[in-house]
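Chains Y and E, in that order, are what the protein sequence lines are. According to numbering that gives the first Met the number 0, the first sequence is numbered sequentially starting from 0. According to numbering that gives the first Met the number 0, the second sequence is numbered sequentially starting from 0. Below is one structure; the comments refer to it alone.
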Amino acid sequence: MFYTDLIKDKIVLVGFMSIANDANYPVTRNLARVQRMLGDRLGREAHLYSITVDAARDTPAALRAFARRHGAGAGWLFLTGGEEAVGAIRGAFFAHRGGHSAHAARPAAHGHGDGELQDCSMGLLRYGNDAVGLWGSVAALADPAQIVERLSWIEAREPGPADTPLERGGPWPLQRQPNPSSRTSPRG
Amino acid sequence: MQPDRREFLKSGLAAGVSGLVGAGLAQADDLDDKVEAEMNERLRFLSPPDGVASNREWGLPLRSPRVTPFAEELCPHPIIVPELCMTDDAYRNARTNEEWLDVFKKDFDRLASRLHEKYGLDIGGLPVPDAHQRFLEYRPVKFFIIVEKERPWQFHPMYGKSWAWGFEALVESRDCKGNVTKERKFLTPGPTFQARYGEPILVRRINGLPEVGNGPHNAKIRFALPSTTSHLHNGHTASESDGFPNDWINPRQYWDHHYANFPSGHDPREKLTTLWYHDHRMDYTAANVYAGLAGFYVLFDETEYSNGKPIPPDLMEDVGDETETKGWRLPSGTYDVPLILHDLAFARDEKGVPQLAFDGFNTDGIIGDRYTVNRKIQPRFEVEARKYRFRIYNGGPSRFYELFFCPESPTDRRDLPFIVFTGDGNYQPSPLVTDAIYLGVAQRVDAILDFSYFKPGDRLYLVNRLHQVDGRGPDGRVITRPTDPQQHRRFLDSNAVMRFDVGSPTPDQSMIKVQYRELPPVDLTEVRRERIWEFDTDGGLWTVNNKIYDPNRIDAQIEEDTAEVWTIRNSGRTWHHPIHSHFTEHIILEVNGVPQFQAGVQVGNVPRREGFSRSLIRPDLLAERLTGLLKGLDFRKEFAGQLQTVQFPGVSSLPDLKLNQQTLSDQDAQVLAIQILELIQRAFYRSAADYIRARYFMENRFGITIRVDRFMGGPRRDIVLLLPGSEVKIFMRWKDFRGKYVMHCHNVVHEDHAMMIRWDIIAPDLGSGLPRSPEDLRSPEQRKPHMEPHPGQATAQDGTARKAPNDP
Chain Y
0 MFYTDLIKDK IVLVGFMSIA NDANYPVTRN LARVQRMLGD RLGREAHLYS
50 ITVDAARDTP AALRAFARRH GAGAGWLFLT GGEEAVGAIR GAFFAHRGGH
100 SAHAARPAAH GHGDGELQDC SMGLLRYGND AVGLWGSVAA LADPAQIVER
150 LSWIEAREPG PADTPLERGG PWPLQRQPNP SSRTSPRG
Chain E
0 MQPDRREFLK SGLAAGVSGL VGAGLAQADD LDDKVEAEMN ERLRFLSPPD
50 GVASNREWGL PLRSPRVTPF AEELCPHPII VPELCMTDDA YRNARTNEEW
100 LDVFKKDFDR LASRLHEKYG LDIGGLPVPD AHQRFLEYRP VKFFIIVEKE
150 RPWQFHPMYG KSWAWGFEAL VESRDCKGNV TKERKFLTPG PTFQARYGEP
200 ILVRRINGLP EVGNGPHNAK IRFALPSTTS HLHNGHTASE SDGFPNDWIN
250 PRQYWDHHYA NFPSGHDPRE KLTTLWYHDH RMDYTAANVY AGLAGFYVLF
300 DETEYSNGKP IPPDLMEDVG DETETKGWRL PSGTYDVPLI LHDLAFARDE
350 KGVPQLAFDG FNTDGIIGDR YTVNRKIQPR FEVEARKYRF RIYNGGPSRF
400 YELFFCPESP TDRRDLPFIV FTGDGNYQPS PLVTDAIYLG VAQRVDAILD
450 FSYFKPGDRL YLVNRLHQVD GRGPDGRVIT RPTDPQQHRR FLDSNAVMRF
500 DVGSPTPDQS MIKVQYRELP PVDLTEVRRE RIWEFDTDGG LWTVNNKIYD
550 PNRIDAQIEE DTAEVWTIRN SGRTWHHPIH SHFTEHIILE VNGVPQFQAG
600 VQVGNVPRRE GFSRSLIRPD LLAERLTGLL KGLDFRKEFA GQLQTVQFPG
650 VSSLPDLKLN QQTLSDQDAQ VLAIQILELI QRAFYRSAAD YIRARYFMEN
700 RFGITIRVDR FMGGPRRDIV LLLPGSEVKI FMRWKDFRGK YVMHCHNVVH
750 EDHAMMIRWD IIAPDLGSGL PRSPEDLRSP EQRKPHMEPH PGQATAQDGT
800 ARKAPNDP
């Protein structure tokens with residue numbers, strides 16, 4: 000099951016791709032950088048899924064080779080499936096009610112123009128923490144550091160002791176910015 | 000057709016995994032009911048739950064639980080009360096900044112310990128003046144505290160208590176019976192700030208929201224992020240107080256906002272009146288505002304000069320007091336009513352209580368099927384039979400409105416006109432009489448509605464007739480008003496955002512002037528650069544000049560004290576984008592290449608629907624009524640003489656009358672005259688619409704009658720209403736502060752995905768037409784190897800930011 004095995008109770012990063020589309024829209028290369036930044040946290044604290052939208056050409060063997068080429072390690076899965084199943088998952092992750100169709104698989108159609116059917120699922124990564132039900136999205140080609148940072152926003156946190164004093168969030172003196180290392184807040 | 004979440008689970012991705020992990024994934028049809036139930040629960044606050052029938056009538060993703068409209072009465076919105084007033088002699092006698100700060104520190108410490116003892120409230124440390132530009136130059140005279148909280152909120156009596164985000168503050172609240180109490184209270188929308196030009200304020204915003212998680216003390220609202228920044232839209236505010244999207248604070252942190260409350264360049268023509276504050280957290284603005292983080296901020300004109308001397312009465316303008324005879328006399332006090340519209344969707348939780356539902360997977364725009372006003376579903380509002388000033392805000396997230404003021408009877412076919420006098424908080428040079436108000440997301444208007452024609456028990460409706468089913472914008476359909484009584488009832492029940500119930504007439508000293516505020520001039524010699532911004536879509540993302548938002552990229556460096564001409568272009572042929580640039584208002588120069596005359600610019604592409612018909616005058620009735628009135632009243636002869644020369648219809652509107660009466664020395668006689676004239680006029684118009692039109696048949700100083708079919712914002716705004724395929728050229732000037740700001744689409748779902756640019760105001764002669772990194776603007780010793788998009792880091796100010804005067 001996609002949900003029980005891959006999503007349930009996990010912090011995940013889900014992207015849609017195809018090998019052909021990746022040639023001019025290099026999402027996977029960017030995710031490889033994300034993998035590097037996550038290091039050994041990937042697979043334990045966070046999971047990365049690349050789901051192909053072009054199952055006909057992206058066979059499991061082709062995906063395996065593609066994954067190897069990008070150095071995908073444990074915790075980063077490349078997934079394929081029946082057209083209907085992939086369509087359903089894309090539909091769940093990308094609700095376009097403005098006339099776009101997530102079904103009209105046009106693998107290379109990440110370009111603009113409207114009034115025509117276009118695929119809008121490949122420009123964005125969805126990230127979520129299923130255990131708490133909080134989801135967000137980030138551009139697939141965003142700076143990898145910014146993608147990784149976003150995963151920390153959605154981590155569950157217990158409230159601190161009630162008597163924790165309030166902390167100044169800002170603004171900071173204009174000419175004396177704080178030392179980056181002095182900020183220990185997990186979201187900072 | 001979209002598969003719903005149920006199908007998402009059923010299908011289960013019959014996946015072959017490319018060998019990296021041998022997870023045996025099950026085939027389709029292998030539906031695990033237990034998992035489905037779990038998934039349902041977890042998606043509950045995120046998106047429409049499974050199995051919710053799609054609302055075909057509206058084309059909406061879900062249908063919220065049913066309500067009876069107009070069930071709850073809307074009471075006056077509470078006003079925030081300062082925790083400290085820095086106006087007493089101790090402050091006034093302070094000769095230096097240090098002395099002033101000493102007094103403030105003592106007061107602050109006293110306040111902190113008092114609040115801690117009394118309420119267990121921790122308000123944090125002393126504000127830091129040198130964190131703010133021009134803090135001591137514009138020393139705050141009031142100090143406020145607002146705490147962002149998650150609390151139960153009743154959206155509708157049939158819904159019970161749902162979870163909401165909002166603000167807790169010390170407020171003066173007035174219930175519907177008029178009883179006033181001062182209390183600490185949770186509110187959504189947040190409390191109203193009644194600020195005044197010339198009175199700088201300091202607002203401490205504490206993030207008191209619960210953390211993300213599943214524990215009993217964690218956040219109940221799951222679609223929004225308890226990490227916040229608050230933008231004052233569209234205050235002339237220093238960058239560090241403006242609510243930059245990356246200046247966020249997490250739970251148990253606080254941020255100080257210094258609102259200097261002076262108009263741009265100290266030019267009184269730059270003054271604004273109807274502003275609001277709302278969350279602006281990068282990526283989560285739509286969700287956080289949807290959860291409730293927004294509130295009102297209204298600005299009035301000063302009543303005294305900075306040296307403490309009162310302003311001479313004949314220079315007074317919008318002083319917020321209708322009894323101040325020399326001011327503009329706009330309806331004030333409880334007759335000045337802010338109304339914010341949000342369209343929301345709800346789904347029942349496991350206990351059957353409707354909770355806010357937000358589909359975070361929809362990047363087109365979120366459309367709700369429940370209209371709310373001040374976060375109450377379709378409320379009713381009891382009005383006295385007199386004039387009211389309504390400040391109408393479109394709070395988003397994605398819906399556009401075309402509002403009509405509609406009588407209850409299906410046989411009364413004439414919608415009542417609005418008298419509109421501001422667009423996006425900017426006074427119009429002259430008020431306009433209009434049949435409809437078109438509001439893009441985040442746009443505001445101030446309109447006067449005159450209920451004096453109506454009898455106690457009459458009902459009127461504020462109706463949205465713009466059809467919209469998705470984030471593209473309105474689909475072009477205008478919902479027609481049926482004639483059949485039953486259908487008309489249904490039309491009102493489903494399209495009215497609120498109802499007005501008319502009570503008895505009360506004295507009304509408020510007035511409508513023929514002229515308000517002149518627009519600031521457009522001086523093209525001030526223009527240093529021209530820029531073009533193209534708004535488009537790309538792979539599910541929303542782009543500006545083919546780029547998505549990056550807080551570490553400055554897309555425009557604007558030199559302080561210059562002006563620029565920007566072309567805002569919509570590359571989409573079907574998308575609407577309400578574009579908002581922070582900090583400064585703009586004046587529209589051209590729309591689709593056509594130069595705009597400032598008196599008439601509407602940016603509407605609708606033909607006039609109907610002309611204004613002159614109503615029939617019945618002299619016999621006039622004579623009869625007039626005699627009756629004159630008999631019963633004793634007033635000055637010269638006034639009686641003047642009254643007989645009054646011309647009908649129309650041009651004898653109130654301001655003219657006021658002019659005619661300069662010979663009257665007695666204010667009472669003037670008020671009396673106005674009331675009589677109103678009664679007389681009322682007698683001569685067969686419908687309320689004709690009456691109001693005739694009364695406010697206005698002409699500007701060029702003698703051009705100002706009446707429009709629909710008001711779309713006027714010539715000066717902070718939202719460029721970018722209709723599909725259109726292009727708008729605007730003029731803007733930047734003064735007084737430096738630092739980082741943003742321009743973005745105010746369909747906040749587009750903003751979050753990531754239709755936004757960063758622009759900085761920088762020192763003269765350092766500007767550039769090309770995007771740059773913030774690093775380039777720093778001196779070498781300030782450069783850092785790596786910067787995070789977080790407060791105090793990459794988004795730090797330009798190194799040449801104005802220093803606070805006492806900063807070494």
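Note that beta-carbon positions come from the ideal geometry of N, C-alpha and C, so glycine has one too.
Check: In the DSSP assignment, the alpha helix (DSSP H) including E/L490 goes from what residue to what residue?; Outcome: The question names Leu, yet the displayed sequence has Phe at residue 490 of chain E. E/F490 -> alpha helix (DSSP H) spans 484-494.
Check: Out of E/K350, E/D549, E/Q252, E/T284, state which residue places its alpha-carbon closest to the alpha-carbon of E/V146.; Outcome: E/Q252
Check: Applying a beta-carbon distance threshold of less than 8 Å, which residues of chain Y neighbour E/E210?; Outcome: A155, R156, E157, P158
Check: Alpha carbons only, please: which of Y/F1, Y/V33, Y/T51, Y/D8 is nearest the one belonging to Y/D142?; Outcome: Y/V33
Check: In the DSSP assignment, find the unbroken alpha helix (DSSP H) run with Y/N20 in it and report its ends.; Outcome: 18-21
Check: Report buried or exposed for E/R709, applying the criterion of at least 16 other Cβ atoms within 10 angstroms of its Cβ.; Outcome: buried
Check: Cβ closer than 7 Å: which chain E residues qualify as neighbours of Y/M16?; Outcome: Neighbours of Y/M16 on chain E: none; closest Cβ ~11 Å, over 7 Å.
Check: Where does E/A93 sit, in a helix, a strand or coil, going by DSSP?; Outcome: coil
Check: At 7 Å on the CB atoms, spell out the chain Y contacts of E/N96, in chain order.; Outcome: Under the 7 Å cutoff, chain Y gives no residues; its nearest Cβ is about 15 Å from E/N96.
Check: Answer yes if the segment 537-557 of chain E comes into contact with the segment 204-212 of chain E, meaning at least three C-beta pairs across the two stretches below 8 Å, and no otherwise.; Outcome: no
Check: Is the segment 359-374 of chain E touching the segment 452-470 of chain E in the sense that three or more CB pairs, one from each, lie closer than 8 Å?; Outcome: yes
Check: For Y/G80, collect the residues of the same chain with a Cβ closer than 7 Å to its Cβ; drop the 5 residues on either side in sequence, then sort them by chain order.; Outcome: A54
Check: Does any residue of chain E have a CB that is nearer than 9 Å to the CB of Y/G70?; Outcome: no
Check: If you check the beta carbons only, do E/A130 and E/F736 fall under 9 Å apart?; Outcome: no
Check: Can you pull out the residues from the segment 277-291 of chain E whose beta carbon lies closer than 9 Å to at least one beta carbon of chain Y?; Outcome: D282, Y283, A286
Check: Give me the residue from E/K325, E/S397, E/N393 with the minimum Cα distance to E/I285.; Outcome: Reading off the sequence shown, one finds Ala at residue 285 of chain E, where the question assumed Ile. Out of E/K325, E/S397, E/N393, E/S397 has the C-alpha closest to the C-alpha of E/A285.
Check: Do you know offhand how far E/F103's Cα is from E/Y90's?; Outcome: 8 Å
Check: Going by CA-CA distance only, name the one from Y/R125, Y/G90, Y/D21, Y/E157 that's closest to Y/R149.; Outcome: Y/R125
Check: At least one CB of chain Y closer than 9 Å to the CB of E/A130: is that the case?; Outcome: yes
Check: Span of the alpha helix (DSSP H) holding Y/V145?; Outcome: Val is not the amino acid found at residue 145 of chain Y; the sequence shown has Gln there. It spans 143-152 - the alpha helix (DSSP H) in which Y/Q145 sits, taken as one unbroken run.
Check: Beta carbon of E/M85, beta carbon of E/F142: below 9 Å?; Outcome: yes
Check: Among residues of its own chain, excluding the 5 on either side of E/Y460, which ones have a beta-carbon nearer than 6 Å to its beta-carbon?; Outcome: C405, L491, A495, R498
Check: Would Y/M36 and Y/A138 qualify as a contact pair, given that the criterion is a beta-carbon distance under 9 Å?; Outcome: no
Check: Judging by CA-CA distance, which residue of E/G291, E/P244, E/D246 is the nearest neighbour of E/W152?; Outcome: E/G291
Check: Just to confirm my understanding: we take E/M755, look at its own chain, exclude 5 residues before and 5 after, and list those with CB closer than 6 Å. What are they?; Outcome: Y548, V741, H743
Check: Is any beta-carbon of chain Y found at less than 9 Å from that of E/Q377?; Outcome: no
Check: Does E/A22 come within less than 9 Å of chain Y when only Cβ atoms are used?; Outcome: With a pLDDT of 27 at E/A22, under the threshold of 50, the modelled position of that residue is not reliable, and the figure given next carries that caveat. Cβ-Cβ to chain Y under 9 Å: yes for E/A22.
Check: In the DSSP assignment, find the unbroken alpha helix (DSSP H) run with E/V748 in it and report its ends.; Outcome: 747-751
Check: Could you check the C-alpha separation between Y/S49 and E/T482 for me, to the nearest Å?; Outcome: 56 Å
Check: In this structure, does DSSP put Y/N29 in helix, strand or coil?; Outcome: helix
Check: Looking at E/Y515 and E/P428, is the spacing between their C-beta atoms short of 9 Å?; Outcome: yes
Check: Closer than 6 Å by C-beta to E/F582: which residues in its own chain qualify, once you throw out the five before and the five after it? Chain order, please.; Outcome: Y740
Check: In the structure shown, what three-state DSSP assignment does E/D28 receive?; Outcome: Its pLDDT being 29, under 50, E/D28 is placed unreliably by the model, and the measurement read from it follows with that caveat. Coil.
Check: Is E/R173 helix, strand or coil by DSSP?; Outcome: strand
Check: Let me know if E/S325 comes out buried or exposed under the rule of 16 or more other beta-carbons within 10 Å of its beta-carbon.; Outcome: Per the sequence shown, the amino acid found at residue 325 of chain E is Lys instead of Ser. Exposed, by the Cβ-count rule.
Check: Using the DSSP secondary-structure output, state which residues sit across from E/W809 in a beta bridge.; Outcome: In this structure chain E extends from 0 to 807, so residue 809 of chain E is not present and cannot be described.
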